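Put into structure tokens, the structure is as follows:
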């Protein structure tokens with residue numbers, strides 16, 4: 001499947017399916033608003049698309065194509081347009097997930113960076129599958145982590161109420177039906193049949209307990225770091241006399257089903273309550289297609305096919321997940337037949353894998369966006385002109401092409417294409433050095449010296465991207481810029497204290513958003529009271545408040 | 001401090017040994033290149049040229065495939081292209097993934113390695129010799145306390161301790177203005193040079209023990225010499241005796257140990273940079289780590305700085321062998337912590 | 001009897017050193033910027049939650065109470081719980097120990113087996129091609145960073161020639177051996193070799209080179225010594241002179257240096273493990289530093305430190321046994 005020189009990835013199909021309603025809404029908004037966004041003032045110097053020129057020249061962001069937003073999707077689109085114009089970040093690229101897949105298995109990459117062992121089909125008499133990630137888990141408690149590598153390890157054995165198919169569309173899992181009962185209350189009907197690996201059947205009490213364990217610090221002996229993944233959810237209770245669970249939220253919580261499609265693994269209440277933390281972190285008891293066979297912390301996790309799975313049994317009899325933090329090691333393992341599926345294949349190794357004849361490449365645009373945050377409360381970043389100038393200084397296309405070998409998409413707004421709230425009228429900033437220098441002069445910040453903090457090895461080519469960005473800013477005649485490399489944990493510590501003054505003024509970071517919804521990027525990162533915010537604007541806050549009070553688009557069941 | 005007899009020994013050993021000559025030659029070249037880096041480097045080692053990335057060294061022109069993705073009619077297509085990649089004399093040792101010349105990077109990397117090696121060794125020597133002389137001269141409880149703490153230090157492998165300290169304390173770095181650029185001789189080169197501060201302090205702190213051991217041994221033997229006893233009997237102060245009599249006597253073994261330590265610390269620094277625990281990106285170890293991702297397509301990014309390390313360390317080790325053979329300091333000469 | 005007293009004295013000194021190691025490891029956290037709570041607590045944890053975590057870990061206690069708690073815990077084999085995964089730190093650390101020991105032991109064996117004959121050869125064929133070859137090899141060996149050597153070995157022998165595995169540990173020696181014993185199959189051992197050969201070479205090369213140099217210079221000294229000349233004059237065969245008398249005396253300083261260089265061996269193992277993704281203490285140290293997982297980092301450092309002290313006592317004892325006058329030092 002990988003021997004051709006051109007291969008097509010079903011991107012259009014995805015866009016139609018993932019948030020189909022949202023996409024339709026955004027198109028509607030566009031036609032309603034009339035113009036295509038090319039009405040800004042200084043559209044002189046640019047050579048690319050009109051939308052970008054418009055915003056580049058605008059002081060106040062009047063280039064919004066939706067004058068009077070009505071629906072949630074429209075509010076989010078306006079918020080994205082506003083974010084583009086205000087340029088709180090240097091908008092960089094959408095990361096791709098590029099996997100190497102041995103010919104001995106069949107598997108297609110997903111959009112949400114998850115690897116579901118259930119979907120890996122071994123062929124040619126092969127019984128077991130080995131997956132090499134970049135990192136191992138941080139313990140097996142499904143409610144006590146927030147990173148993709150751990151997610152991938154727990155999701156083989158644990159399941160949620162809802163899930164997503166490979167295209168990102170919400171599908172039922174442990175819940176057979178779901179509906180909104182009233183603005184702040186939704187109901188999940190719990191499927192009959194699933195059993196935990198301990199042999200006990202799944203009950204609605206287990207589901208309610210699992211939700212409360214995440215959102216309520218007093219339940220389940222754990223302060224879960226996932227409470228904001230179920231943002232707005234206040235609690236869950238079993239519906240009397242029915243095999244159903246009601247989930248209550250603060251306000252209308254438009255994205256509640258989206259959240260449950262990505263998060264909240266269901267655990268067994270009695271199992272959690274009769275075991276302590278270290279035990280739960282080294283054992284598994286879910287309802288999923290695989291059960292834990294052997295756990296070597298930090299080294300590997302071995303699973304076997306769960307015998308009484310409520311759906312068709314998993315195609316692979318056994319599954320092993322290992323890790324190698326060096327991309328070259330993962331590729332070597334794949335080509336050496338030591339693993340069947342390697343995550344995060346770097347662009348420069350793609351051809352080597354294709355040419356090997358023993359493995360192929362499976363890429364997918366991820367839900368992660370890379371950007372350089374600029375703190376709005378310190379000079380020179382307090383000036384919107386200066387921030388726009390930084391965006392205009394960057395040759396994003398060259399970075400995408402040369403640093404990332406094309407395995408990335410340029411972005412121009414916080415929200416990624418295909419997400420609810422994405423504004424198709426907004427294009428990435430084009431490079432315009434003259435305009436950038438002029439804006440720097442206008443901002444009164446000429447001569448600024450910048451230091452860009454970047455994590456090392458956390459994201460695909462993070463250091464290279466940061467160095468390219470700093471280099472291009474440095475090329476401006478009136479700004480100088482250098483890179484400071486940071487240990488990710490140290491940088492993350494400064495970013496996550498909740499206080500803006502603890503953050504570096506200028507840093508590169510990536511943000512994954514598995515809910516496929518704009519609010520889960522804009523609210524935490526750009527709203528005034530966002531957990532990780534570097535920006536503050538009454539207009540953006542009010543747009544997001546409006547959006548938060550309207551029902552979402554994916555409400556079916 | 002250096003007697004004519006010592007000089008004679010050095011000269012005789014140098015004349016008779018081809019390896020000594022080779023060692024001195026390598027060290028002179030490496031030091032010269034490091035000091036005059038802005039003049040030798042053909043390009044600014046930090047300037048990127050994304051259009052000329054991953055060029056092979058001269059003599060290794062190749063054909064490679066490149067991959068890109070493009071949106072065609074709303075669907076994403078992956079396109080393979082076959083490209084001739086020709087080496088160019090502009091970049092004799094090729095370029096890295098961001099189009100920076102490997103030759104320039106190797107030349108500037110020599111600065112980092114030598115500066116960290118020298119400054120780290122000096123720091124280790126100052127701390128270690130002070131501790132060792134005091135311990136050996138006063139003996140008794142002072143000796144026990146200091147030497148037990150040296151044992152504690154030894155119980156942490158220097159690389160492990162260095163990783164822990166740099167990783168935990170952060171990677172502070174100082175920007176030092178480059179005199180050649182400030183003087184206007186090479187204005188196109190970077191105006192300042194990054195000195196990895198934490199790394200220098202840490203490699204010094206984890207390696208002082210070797211100096212302490214040697215200095216203590218010297219102090220132990222010298223303090224029993226008749227002239228020291230005489231000095232003490234006429235009322236010379238302890239610090240005077242240590243400075244005037246014991247320190248000069250320890251100079252030879254410390255010099256030899258110091259030479260070996262420079263080599264060991266260069267290896268240690270490259271290991272720290274390789275693991276990402278450094279404060280500068282202009283380092284051989286750092287380039288090896290970056291190039292590791294490109295081994296299959298652009299082997300030279302890792303290979304060139306590796307060869308630079310091996311050659312420089314060989315040179316310094318040969319210099320150390322020469323000094324040891326000529327000066328015969330009686331320390332066996334294999335103290336130190338290399339092998340990183 | 002004298003030897004017994006010597007060992008006792010060294011053991012007491014060792015206990016003092018171990019106490020120092022533990023104290024340094026404990027103190028490391030307090031000279032490091034950053035608060036452990038931010039590692040454990042979720043990003044959006046309330047101040048009350050943070051306080052509760054601090055209380056649970058005893059971070060609010062006076063320093064000496066925390067210190068005594070840590071010492072008492074260690075005495076009972078309790079290294080605390082991982083900040084990241086909340087599992088027992090001691091379990092994780094001891095699970096990794098065998099892999100590191102295996103690598104270090106194999107590398108040492110490789111080094112000794114190659115280097116001593118090579119050093120003897122070099123000394124007895126002085127200024128012949130064999131000597132030059134050995135000298136050149138040993139010079140390059142002590143000057144090559146082992147991580148770079150490892151990368152190059154992988155490139156050539158694993159990626160290009162596909163003889164050995166690129167990374168990982170495979171079954172481990174014990175299970176490979178038990179496979180041989182219980183099933184009579186050598187497949188396990190072969191698989192074990194395919195994993196361990198390259199890392200052992202990468203780690204062992206520096207020591208091979210070092211011991212070759214030591215053996216060569218020691219042999220040269222001994223062959224020119226009055227003692228060997230006397231033995232030779234008695235008409236003993238040259239082979240006997242060389243291998244029985246000269247070599248034996250040469251080995252004494254070799255053992256000492258090996259003991260001293262043990263730290264280098266373990267340090268080298270750390271970076272070799274990083275290159276080969278060898279699941280040992282070294283990779284554990286690096287990941288725990290990156291993640292600021294203090295209990296794991298402290299536990300690993302204590303185990304490395306104690307191991308180093310124990311082996312040093314063993315080396316000293318061996319040295320005293322071979323060379324009795326040190327006892328009366």
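Chains as they are written, first to last, in our numbering: chain A, 1 to 557; chain B, 1 to 340; chain C, 1 to 329. For glycine and all other residues, C-beta sits at the position ideal for the given N, C-alpha and C. Model, not experiment: these values are computed from the prediction.
Since residue 278 (chain A) meets chain C, which of its residues come closer than 7 Å, beta carbon to beta carbon?
-> Numbered from 1 along the first chain, position 278 holds the residue referred to as residue 278 (chain A). Here the neighbours are 81, 86, 87, 88.
Alpha-carbon spacing of residue 181 (chain B) relative to residue 113 (chain B), whole angstroms = The sequence position of residue 181 (chain B) within the second chain is 181, counting from 1. The sequence position of residue 113 (chain B) within the second chain is 113, counting from 1. Going from the Cα of residue 181 (chain B) to the Cα of residue 113 (chain B) covers about 20 Å.
In angstroms with no decimal places, state the Cα-to-Cα distance between residue 94 (chain A) and residue 191 (chain A).
-> In the first chain, residue 94 (chain A) corresponds to position 94, counting from 1. In the first chain, residue 191 (chain A) corresponds to position 191, counting from 1. Rounded to whole angstroms, residue 94 (chain A) to residue 191 (chain A) spans 37 Å at the Cα level.
Let me know the secondary structure DSSP gives residue 197 (chain C) once reduced to three states.
-> The sequence position of residue 197 (chain C) within the third chain is 197, counting from 1. Here residue 197 (chain C) sits in helix by DSSP.
So, are the CB atoms of residue 370 (chain C) and residue 266 (chain C) less than 7 Å apart?
-> Nothing about residue 370 (chain C) can be reported from this structure: the residues present for chain C run from 1 to 329 only.
Determine the closest residue to residue 521 (chain A) out of A:186, A:119, A:229, with distance taken between C-alpha atoms.
-> On the first chain, position 521 is the one that residue 521 (chain A) refers to. Out of A:186, A:119, A:229, A:229 has the C-alpha closest to the C-alpha of residue 521 (chain A).
Give me the Cα-Cα distance between residue 201 (chain B) and residue 208 (chain B), rounded to the nearest whole angstrom.
-> Taking the second chain and counting its residues from 1, one reaches residue 201 (chain B) at position 201. Taking the second chain and counting its residues from 1, one reaches residue 208 (chain B) at position 208. Whole-angstrom Cα-Cα distance: 11 Å.
Should residue 142 (chain C) go down as buried or exposed, given a rule of 16 or more other Cβ atoms within 10 Å for buried?
-> Translated into the one-based positions of the third chain, residue 142 (chain C) becomes position 142. With 16 or more other Cβ atoms within 10 Å, it is buried.
Between the stretch 328 to 341 of chain A and chain C, which residues of the former have a C-beta closer than 8 Å to a C-beta of the latter?
-> 329, 332, 333, 335, 336, 338
Count the other CB atoms, across all protein chains shown, that sit within 10 Å of the CB of residue 39 (chain B); report buried if there are 16 or more and exposed otherwise.
-> For the purposes of this step, residue 39 (chain B) is identified with residue 39 of the second chain, where counting begins at 1. Per the 10 Å Cβ criterion, exposed.
Just reading off the alpha helix (DSSP H) that residue 344 (chain B) is part of, what are its end residues?
-> Since the first residue of chain B shown is 1 and the last is 340, residue 344 (chain B) is not available in this structure.
8 Å contact criterion, which residue 253 (chain C) and residue 214 (chain C) should meet: CB distance rounded | As a working note, residue 253 (chain C) is residue 253 in the third chain. As a working note, residue 214 (chain C) is residue 214 in the third chain. About 7 Å separates the two Cβ atoms, so the contact holds.
Give the straight-line distance between the Cα atoms of residue 326 (chain A) and residue 346 (chain A), rounded to the nearest whole angstrom.
-> Mapped onto the first chain, residue 326 (chain A) falls at position 326. Mapped onto the first chain, residue 346 (chain A) falls at position 346. Their backbone Cα atoms lie some 10 Å apart in a straight line.
Where does residue 228 (chain A) fall in DSSP's three states?
-> Within the first chain, numbered from 1, the residue matching residue 228 (chain A) stands at position 228. Reduced to three states, the DSSP call for residue 228 (chain A) is helix.
Proximal residues of chain B, C-beta to C-beta of residue 246 (chain C) below 8 Å | Position 246 of the third chain holds residue 246 (chain C). Chain B residues near residue 246 (chain C): none, gap ~17 Å exceeds 8 Å.
Could you work out which residues of chain A lie near residue 98 (chain B), taking near to mean beta carbons separated by less than 7 Å?
-> Start at 1 with the first residue of the second chain, and residue 98 (chain B) comes out as number 98. Within chain A, the residues near residue 98 (chain B) are 464, 467, 468.
Which listed residue (C:172, C:220, C:179) has its alpha carbon closest to that of residue 193 (chain C) | Translated into positions along the third chain, residue 193 (chain C) becomes position 193. Comparing Cα-Cα distances from residue 193 (chain C) to each of C:172, C:220, C:179, the minimum goes to C:172.
Can you find a CB in chain A that lies within less than 7 Å of the CB of residue 279 (chain C)?
-> As a first step, residue 279 (chain C) is located in the third chain; it is residue number 279 there, counting from the start. Cβ-Cβ to chain A under 7 Å: yes for residue 279 (chain C).
Decide yes or no for the touch test of the stretch 440 to 455 of chain A against the stretch 543 to 554 of chain A: beta carbon pairs closer than 8 Å, at least 3 of them.
-> no
Locate the alpha helix (DSSP H) running through residue 341 (chain B), then write down its first and last residues.
-> Because chain B spans 1 through 340 in this model, residue 341 (chain B) falls outside it and cannot be assessed.
Taking Cβ-Cβ distances below 7 Å as the criterion, which residues of the stretch 151 to 168 of chain B are in contact with chain C?
-> 151, 152, 154, 155, 156, 157, 158, 159, 160, 163, 164, 167, 168
Rounded to a whole number of angstroms, what is the C-alpha to C-alpha distance between residue 155 (chain A) and residue 109 (chain A)?
-> To locate residue 155 (chain A), count along the first chain from 1; it is residue 155. To locate residue 109 (chain A), count along the first chain from 1; it is residue 109. Whole-angstrom Cα-Cα distance: 16 Å.
Helix, strand or coil for residue 220 (chain B), going by three-state DSSP, please let me know.
-> The residue labelled residue 220 (chain B) in the question sits at position 220 within the second chain. Three-state result, residue 220 (chain B): helix.
What residues from chain A crowd round residue 93 (chain C), counting only those whose CB sits closer than 7 Å?
-> For the purposes of this step, residue 93 (chain C) is taken as the residue at position 93 of the third chain. By Cβ distance, chain A contributes nothing, its closest Cβ being about 10 Å from residue 93 (chain C), past 7 Å.
Rounded to a whole number of angstroms, what is the C-alpha to C-alpha distance between residue 292 (chain B) and residue 140 (chain C)?
-> Looking up residue 292 (chain B) in the second chain gives position 292. Looking up residue 140 (chain C) in the third chain gives position 140. Roughly 22 Å between the two C-alpha positions.
Chain C contacts from the stretch 304 to 317 of chain B (Cβ-Cβ distance under 7 Å) | 306, 309, 310, 313, 314, 317
So residue 84 (chain A) is in the alpha helix (DSSP H); what residue range does that whole segment cover?
-> By 1-based counting over the first chain, the position of residue 84 (chain A) is 84. It spans 72 to 86 - the alpha helix (DSSP H) in which residue 84 (chain A) sits, taken as one unbroken run.
In whole angstroms, what separates the C-alpha of residue 493 (chain A) from that of residue 292 (chain C)?
-> Indexing the first chain from 1 puts residue 493 (chain A) at position 493. Indexing the third chain from 1 puts residue 292 (chain C) at position 292. Each residue's Cα considered, the two are about 10 Å apart.
Is it true that the stretch 268 to 282 of chain C meets the stretch 278 to 290 of chain B, where meeting means three or more beta-carbon pairs spaced less than 8 Å apart?
-> no
The alpha helix (DSSP H) spanning residue 133 (chain C) covers which residue range?
-> For this step, residue 133 (chain C) is matched to residue 133 along the third chain. Its alpha helix (DSSP H) spans residues 129 to 143.
Proximity to residue 330 (chain C) [Cα-Cα], best of C:207, C:274, C:248, C:212 | In the structure displayed, chain C extends from 1 to 329; residue 330 (chain C) sits before or after that span and is not available.
Chain B beta carbons: is any one of them nearer than 7 Å to that of residue 26 (chain C)?
-> Taking the third chain and counting its residues from 1, one reaches residue 26 (chain C) at position 26. No, residue 26 (chain C) does not count as interfacial toward chain B.
Could you spell out where the alpha helix (DSSP H) holding residue 116 (chain C) opens and where it closes?
-> For the purposes of this step, residue 116 (chain C) is taken as the residue at position 116 of the third chain. Here the alpha helix (DSSP H) through residue 116 (chain C) covers 89 to 124.
Kindly indicate which residue of B:129, B:60, B:164, B:199 has the alpha-carbon position closest to the one of residue 281 (chain B).
-> Counting from one through the second chain, the residue named residue 281 (chain B) turns up at place 281. Measuring from the Cα of residue 281 (chain B), the nearest candidate turns out to be B:199.
Under the rule that 16 or more other beta-carbon atoms within 10 Å means buried, what is residue 165 (chain C), buried or exposed?
-> Residue numbering aside, residue 165 (chain C) sits at position 165 when the third chain is read from its first letter. Looking at its Cβ environment, which holds 16 or more other Cβ atoms inside 10 Å, residue 165 (chain C) is buried.
Taking the C-alpha atoms as reference points, what is the distance between residue 96 (chain C) and residue 496 (chain A)?
-> Position 96 of the third chain, counted from the first residue, corresponds to residue 96 (chain C). Position 496 of the first chain, counted from the first residue, corresponds to residue 496 (chain A). Their backbone Cα atoms lie some 32 Å apart in a straight line.
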